[in-house]
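Some notes on the structure that comes next.
Protein chains: 2
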Amino acid sequence: MKIALAQLNYHIANFEDNAEKIITAINQAKNEGAELVVFSELSVTGYYPHDLLERKEFIEKASQTVEKIAQACQGIAALVGAPSINTGSRGKKLYNSALFLNNGKVEAIRNKSLLPTYDIFDEYRHFEPNQEFNVIEFNGKKLAVTICEDLWDEQPTQNEFGKDKLYQTSPLEELSKQQPDLVINLSASPFSYNQENWRKNILVKNAVKYRLPIVYVNQTGAQTELIFDGGSCFVKEDGSIPVELDYFKEDFVVVDTERPVEKKQEQKDYIAKIHQALVLGIRDYFQKMRFTDVVLGLSGGIDSAVVCALAVEALGNEHVRGILMPSRYSSDHSVADAVQLAENLDIRYDIISIQNMVNEFENQLSPIFENLPPGVAEENIQARARGILVMAVSNKFGNILLNTTNKSECAIGYGTLYGDMNGGLSVLGDVYKTDVFKLARYINRNEELIPENSIIKPPSAELRPDQKDTDTLPDYEILDAILFKYIELNQSPEEIIKQGFERETVLKTVRMVNQNEYKRFQAPPILRVSSKAFGFGRKMPLVARYF
Amino acid sequence: MKIALAQLNYHIANFEDNAEKIITAINQAKNEGAELVVFSELSVTGYYPHDLLERKEFIEKASQTVEKIAQACQGIAALVGAPSINTGSRGKKLYNSALFLNNGKVEAIRNKSLLPTYDIFDEYRHFEPNQEFNVIEFNGKKLAVTICEDLWDEQPTQNEFGKDKLYQTSPLEELSKQQPDLVINLSASPFSYNQENWRKNILVKNAVKYRLPIVYVNQTGAQTELIFDGGSCFVKEDGSIPVELDYFKEDFVVVDTERPVEKKQEQKDYIAKIHQALVLGIRDYFQKMRFTDVVLGLSGGIDSAVVCALAVEALGNEHVRGILMPSRYSSDHSVADAVQLAENLDIRYDIISIQNMVNEFENQLSPIFENLPPGVAEENIQARARGILVMAVSNKFGNILLNTTNKSECAIGYGTLYGDMNGGLSVLGDVYKTDVFKLARYINRNEELIPENSIIKPPSAELRPDQKDTDTLPDYEILDAILFKYIELNQSPEEIIKQGFERETVLKTVRMVNQNEYKRFQAPPILRVSSKAFGFGRKMPLVARYF
Numbered sequence: 001m002k003i004a005l006a007q008l009n010y011h012i013a014n015f016e017d018n019a020e021k022i023i024t025a026i027n028q029a030k031n032e033g034a035e036l037v038v039f040s041e042l043s044v045t046g047y048y049p050h051d052l053l054e055r056k057e058f059i060e061k062a063s064q065t066v067e068k069i070a071q072a073c074q075g076i077a078a079l080v081g082a083p084s085i086n087t088g089s090r091g092k093k094l095y096n097s098a099l100f101l102n103n104g105k106v107e108a109i110r111n112k113s114l115l116p117t118y119d120i121f122d123e124y125r126h127f128e129p130n131q132e133f134n135v136i137e138f139n140g141k142k143l144a145v146t147i148c149e150d151l152w153d154e155q156p157t158q159n160e161f162g163k164d165k166l167y168q169t170s171p172l173e174e175l176s177k178q179q180p181d182l183v184i185n186l187s188a189s190p191f192s193y194n195q196e197n198w199r200k201n202i203l204v205k206n207a208v209k210y211r212l213p214i215v216y217v218n219q220t221g222a223q224t225e226l227i228f229d230g231g232s233c234f235v236k237e238d239g240s241i242p243v244e245l246d247y248f249k250e251d252f253v254v255v256d257t258e259r260p261v262e263k264k265q266e267q268k269d270y271i272a273k274i275h276q277a278l279v280l281g282i283r284d285y286f287q288k289m290r291f292t293d294v295v296l297g298l299s300g301g302i303d304s305a306v307v308c309a310l311a312v313e314a315l316g317n318e319h320v321r322g323i324l325m326p327s328r329y330s331s332d333h334s335v336a337d338a339v340q341l342a343e344n345l346d347i348r349y350d351i352i353s354i355q356n357m358v359n360e361f362e363n364q365l366s367p368i369f370e371n372l373p374p375g376v377a378e379e380n381i382q383a384r385a386r387g388i389l390v391m392a393v394s395n396k397f398g399n400i401l402l403n404t405t406n407k408s409e410c411a412i413g414y415g416t417l418y419g420d421m422n423g424g425l426s427v428l429g430d431v432y433k434t435d436v437f438k439l440a441r442y443i444n445r446n447e448e449l450i451p452e453n454s455i456i457k458p459p460s461a462e463l464r465p466d467q468k469d470t471d472t473l474p475d476y477e478i479l480d481a482i483l484f485k486y487i488e489l490n491q492s493p494e495e496i497i498k499q500g501f502e503r504e505t506v507l508k509t510v511r512m513v514n515q516n517e518y519k520r521f522q523a524p525p526i527l528r529v530s531s532k533a534f535g536f537g538r539k540m541p542l543v544a545r546y547f
Numbered sequence: 001m002k003i004a005l006a007q008l009n010y011h012i013a014n015f016e017d018n019a020e021k022i023i024t025a026i027n028q029a030k031n032e033g034a035e036l037v038v039f040s041e042l043s044v045t046g047y048y049p050h051d052l053l054e055r056k057e058f059i060e061k062a063s064q065t066v067e068k069i070a071q072a073c074q075g076i077a078a079l080v081g082a083p084s085i086n087t088g089s090r091g092k093k094l095y096n097s098a099l100f101l102n103n104g105k106v107e108a109i110r111n112k113s114l115l116p117t118y119d120i121f122d123e124y125r126h127f128e129p130n131q132e133f134n135v136i137e138f139n140g141k142k143l144a145v146t147i148c149e150d151l152w153d154e155q156p157t158q159n160e161f162g163k164d165k166l167y168q169t170s171p172l173e174e175l176s177k178q179q180p181d182l183v184i185n186l187s188a189s190p191f192s193y194n195q196e197n198w199r200k201n202i203l204v205k206n207a208v209k210y211r212l213p214i215v216y217v218n219q220t221g222a223q224t225e226l227i228f229d230g231g232s233c234f235v236k237e238d239g240s241i242p243v244e245l246d247y248f249k250e251d252f253v254v255v256d257t258e259r260p261v262e263k264k265q266e267q268k269d270y271i272a273k274i275h276q277a278l279v280l281g282i283r284d285y286f287q288k289m290r291f292t293d294v295v296l297g298l299s300g301g302i303d304s305a306v307v308c309a310l311a312v313e314a315l316g317n318e319h320v321r322g323i324l325m326p327s328r329y330s331s332d333h334s335v336a337d338a339v340q341l342a343e344n345l346d347i348r349y350d351i352i353s354i355q356n357m358v359n360e361f362e363n364q365l366s367p368i369f370e371n372l373p374p375g376v377a378e379e380n381i382q383a384r385a386r387g388i389l390v391m392a393v394s395n396k397f398g399n400i401l402l403n404t405t406n407k408s409e410c411a412i413g414y415g416t417l418y419g420d421m422n423g424g425l426s427v428l429g430d431v432y433k434t435d436v437f438k439l440a441r442y443i444n445r446n447e448e449l450i451p452e453n454s455i456i457k458p459p460s461a462e463l464r465p466d467q468k469d470t471d472t473l474p475d476y477e478i479l480d481a482i483l484f485k486y487i488e489l490n491q492s493p494e495e496i497i498k499q500g501f502e503r504e505t506v507l508k509t510v511r512m513v514n515q516n517e518y519k520r521f522q523a524p525p526i527l528r529v530s531s532k533a534f535g536f537g538r539k540m541p542l543v544a545r546y547f
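Chains as they are written, first to last, in full-length UniProt numbering: chain A, 1 to 547; chain B, 1 to 547.
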């Protein structure tokens with residue numbers, strides 16, 4: 001059977017554009033002689049529409065769009081993803097469905113059985129799980145149509161108590177009883193750098209176990225925090241993968257399932273993938289929000305330099321504007337390094353000292369502050385004065401402020417709420433500091449865009465004289481290792497200590513993570529690249545007794 | 001049977017304090033001759049621990065605490081709520097359980113069947129639903145033990161497409177086949193002013209349908225945004241409710257199920273309830289976070305006045321500090337009204353003009369702003385300068401900033417991010433402006449605490465000369481009606497227009513709501529008093545094409 005794999009980048013609730021993309025791909029597939037074209041999960045609406053799924057007008061628009069797409073299916077069939085109405089008397093009102101479009105209409109509907117409810121997934125909120133299993137017969141073949149998680153046998157959890165468990169049902173086991181010829185999977189599986197081969201392993205395992213070829217179609221593109229990396233593929237029943245689509249971009253191929261023509265992708269290391277993911281994340285955020293221009297504060301440090309370089313790659317140098325905001329504690333090299341960066345990247349920049357504003361705040365507050373020694377309050381005034389300046393530029397010219405906080409800082413609360421934690425989008429909030437260094441080296445792989453001095457100098461917030469991050473924090477290698485074990489692996493402080501880390505350092509780190517839930521509660525959306533990012537995939541109570 | 005209803009206020013993850021409260025109540029129940037004492041859902045951990053449920057050390061601590069509580073159960077039995085481990089090979093790793101403690105040990109475990117996944121509920125994320133139904137036999141009676149949602153037949157949704165549906169199973173129907181004598185329900189059901197009799201109706205409906213008395217125990221107290229109102233009760237099989245516990249506070253009573261002694265509660269109107277809820281919400285946030293003191297900006301307007309009065313009631317006048325921050329656009333009466341409020345409430349206040357700081361920002365920005373006419377950028381500088389001042393006081397003295405934004409403003413984005421949207425807790429973010437007026441009148445019911453002028457003057461942000469809210473917004477009566485229909489009732493713009501609202505006003509309002517998701521993304525936690533609050537009970541995609 002000749003099947004087209006259409007790996008597209010959808011825009012949530014933008015039914016017009018999504019339908020146009022889908023219909024264009026249907027026509028292309030037909031022209032290239034395909035019998036069937038497969039799109040990804042919830043392709044009609046974009047993944048994931050969240051509580052828009054509770055709105056009648058949204059569901060009606062989705063149905064109308066499906067009808068419109070169905071009309072394009074003449075002489076070719078298509079599988080698209082969309083919500084469909086549960087007409088029974090029990091359960092949630094919707095299914096997460098694969099709609100089989102043929103002869104100008106919806107000829108069959110297959111619903112998702114395994115609804116993920118871990119990490120960033122929340123599908124049980126809106127959908128009823130399917131309990132009936134039937135192949136679709138088409139052109140003499142039996143197709144086992146599944147949706148994303150349906151191929152996952154084990155519940156992917158990282159909590160370390162009890163054994164890992166299976167789901168209550170195995171959709172593919174049920175479908176395999178009907179002797180299908182081919183498995184089709186419509187997916188919406190986001191990128192995470194530490195789950196690299198996880199997805200392919202699942203596909204291969206299923207293909208081999210059931211001796212069935214699998215057509216796997218994932219979406220690409222970013223939806224606020226989530227970055228979908230594509231990588232759709234055709235897996236043969238022996239577990240080999242002759243056809244693999246591109247990563248982090250739209251792609252399209254027609255596969256003859258009997259005689260697939262090889263299409264391979266270059267393997268990249270994880271830093272190169274994170275780089276691609278973040279560039280796509282920025283670009284799609286701006287395009288889909290209809291924004292064009294960025295503003296960001298340039299401190300001369302590595303975080304803002306990396307974000308600036310990523311923004312230039314995503315949006316073009318003429319759309320990026322840097323603001324340098326030195327204070328009395330800024331070293332000469334900070335300004336020089338930031339200017340060098342702006343010149344290397346050829347972006348517009350301005351220098352505005354915050355000193356007069358800071359002095360004025362301190363003057364006005366001095367009767368209240370009663371000669372108390374300077375401390376966090378005064379440090380935060382500096383960060384917040386900078387926050388006002390960049391937001392003023394943002395408000396005046398419509399440039400969106402990019403946040404430059406990295407995951408290590410975000411974890412331990414080493415940042416000022418309403419100051420440097422401001423921004424429309426956090427670019428590095430899921431990238432540990434040790435990986436920020438690697439990203440900087442990667443960005444400089446061909447030429448020195450980020451000044452060497454920004455990379456090698458000791459990190460500092462420069463909010464008091466001669467301040468360095470290491471005054472109050474462990475070395476980033478140690479800090480990041482502890483954070484990874486605590487956050488990504490859910491290990492307890494005692495388990496981490498047992499692995500050889502200093503007790504005091506572990507307890508202090510964990511305490512900082514716990515005490516700063518309140519800051520993260522108000523943080524911007526964070527581009528997710530790991531298996532456990534801060535944001536809606538990690539829900540911690542704010543008011544609780546930690547420790 | 002003599003059963004004690006223990007309605008307590010738990011602290012999430014504070015196992016020591018929760019255990020102490022529970023054991024104290026067990027002893028009291030025993031002293032008062034009860035055979036059984038019933039606590040609320042997840043009473044051992046507090047409701048809801050979110051992803052702490054994924055941490056091994058948390059689950060271990062919960063089990064140890066249950067063992068400790070069980071040891072207190074000698075000569076009396078108890079039903080407590082806690083997570084328990086699913087020892088099967090399939091499904092999630094935990095159940096949401098009612099543990100029957102007797103003779104010093106856990107004698108029986110009953111698991112929750114219906115796991116709510118709507119609005120603020122997210123229980124499928126962590127728990128496997130129960131599928132087995134067995135009464136507990138105790139002292140010659142058969143007890144049908146259920147947990148909260150288990151008594152709900154219909155899925156409570158507000159989406160308006162398709163018919164309302166039943167859950168797949170009805171736990172009480174299953175249990176009723178075993179001829180129980182009594183239904184017991186351990187609950188964690190939060191307050192919302194517009195679902196007043198919803199809960200009682202469900203209980204009465206079940207009691208009458210199955211001809212069974214029901215012991216219903218709810219928790220009280222606030223957990224960040226959620227405010228649990230208690231109102232535990234005993235419902236007779238004829239649907240009458242002879243025993244009702246107090247609202248918004250801990251309460252305890254021993255009921256003889258054969259001959260219950262009447263205990264009734266005074267009925268209050270919805271504004272009085274919202275008032276009680278918000279005072280409890282503030283008090284518990286501070287107590288459980290171990291904070292004592294508040295700071296807030298006093299503008300002379302009604303919102304900050306109401307929040308200030310609520311804070312004084314919750315924490316005491318000596319723990320509340322007001323900061324008046326006039327600018328060149330502040331009218332004389334603004335300062336006078338704010339001073340009057342502070343004096344009426346007998347709180348400390350300071351006056352700091354923002355004008356010098358604002359001037360300095362404008363000076364420094366003028367080379368960049370290139371003589372563009374003043375607008376939103378300049379207005380926001382004022383709001384943000386105030387934000388810096390109150391946060392400086394907060395950082396210096398440890399006072400927590402209360403946010404004073406109301407739900408109408410929050411909905412349409414009529415507030416400055418990193419300015420007046422700052423705060424550790426939003427007190428009025430779920431109270432529409434029209435209800436803020438009613439709250440002010442209620443607060444003044446005995447004496448004029450809030451100056452009459454703050455209530456009657458036209459609302460204004462005072463960020464430009466002679467500005468009034470009605471310059472850009474419809475009257476609050478109309479605005480709030482549209483917002484309620486769009487947000488709480490999920491009605492489409494067309495449905496709202498059909499009810500007689502001006503098309504242009506509806507479309508403009510809805511557009512403002514949609515365009516300001518990004519501001520709410522970074523808003524503080526909001527005390528929830530309605531059936532649909534902004535925050536984690538309303539998940540809207542940020543990047544999407546609205547309209």
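Yeah, the Cβ is synthetic: ideal placement off N, Cα and C, and Gly gets one too.
Is residue i close to chain B? Criterion is C-beta to C-beta, closer than 8 Å.
i: N356 (chain A); result: yes
i: T117 (chain A); result: yes
i: P213 (chain A); result: no
i: V350 (chain A); result: The sequence shown places Asp at residue 350 (chain A), rather than the Val named in the question. So yes, D350 (chain A) belongs to the interface.
i: S40 (chain A); result: no
Given a threshold of 16 other Cβ atoms within 10 Å of its Cβ, counted over all protein chains shown, does residue i qualify as buried or as exposed?
i: W152 (chain B); result: buried
i: V261 (chain B); result: exposed
i: residue 569 (chain A); result: In this structure chain A extends from 1 to 547, so residue 569 (chain A) is not present and cannot be described.
i: residue 566 (chain A); result: Nothing about residue 566 (chain A) can be reported from this structure: the residues present for chain A run from 1 to 547 only.
i: L315 (chain A); result: buried
Can you give me the Cβ contacts of residue i inside the same chain, cut-off strictly under 7 Å, excluding the 5 residues immediately before and after it?
i: I12 (chain A); result: T45, G46, P49, Q223
i: R199 (chain B); result: S189
i: Q515 (chain B); result: G413
In chain order, what residues of the same chain have a beta carbon less than 6 Å from the beta carbon of residue i, not counting five sequence neighbours either side?
i: N403 (chain A); result: G423, S426, P524
Starting from the C-beta of residue i, find all residues in its chain whose C-beta is less than 8 Å away, skip the five residues before and the five after it, and write them out in chain order.
i: I354 (chain B); result: M325, P326, S327, Q382, A385, R386, L389
i: D469 (chain A); result: Y414, P458, P459, S460, A461, Y476
i: A62 (chain A); result: F15, V44, T45, A82, P83
Is there a Cβ from chain A that is less than 8 Å from the Cβ of residue i?
i: K288 (chain B); result: yes
i: Y432 (chain B); result: no
Contact list for the stretch 50-68 of chain B against chain A, Cβ threshold 7 Å
Along the stretch 50-68 of chain B, going in chain order, the ones with a CB nearer than 7 Å to a CB of chain A are H50, D51, L52, E54, R55, K56, E57, I59.
Quick one: which residues of the stretch 392-426 of chain A get their C-beta closer than 7 Å to a C-beta of chain B? List them in chain order.
Those residues of the stretch 392-426 of chain A that come within reach of chain B (Cβ to Cβ, closer than 7 Å) are A392, V393, N395, K396, Y418, N422, G424.
Relative to chain A, which residues along the stretch 532-544 of chain B have a C-beta separation below 8 Å, given in chain order?
Of all residues in the stretch 532-544 of chain B, only F536, R538, K539, M540, P541, L542, V543, A544 place a beta-carbon less than 8 Å from a beta-carbon of chain A.
Could you please tell me which residues of the stretch 88-110 of chain A, in chain order, have their CB closer than 9 Å to any CB of chain B?
From the stretch 88-110 of chain A, only G88, S89, R90, G91, K92, K93, L94 have a Cβ closer than 9 Å to chain B.
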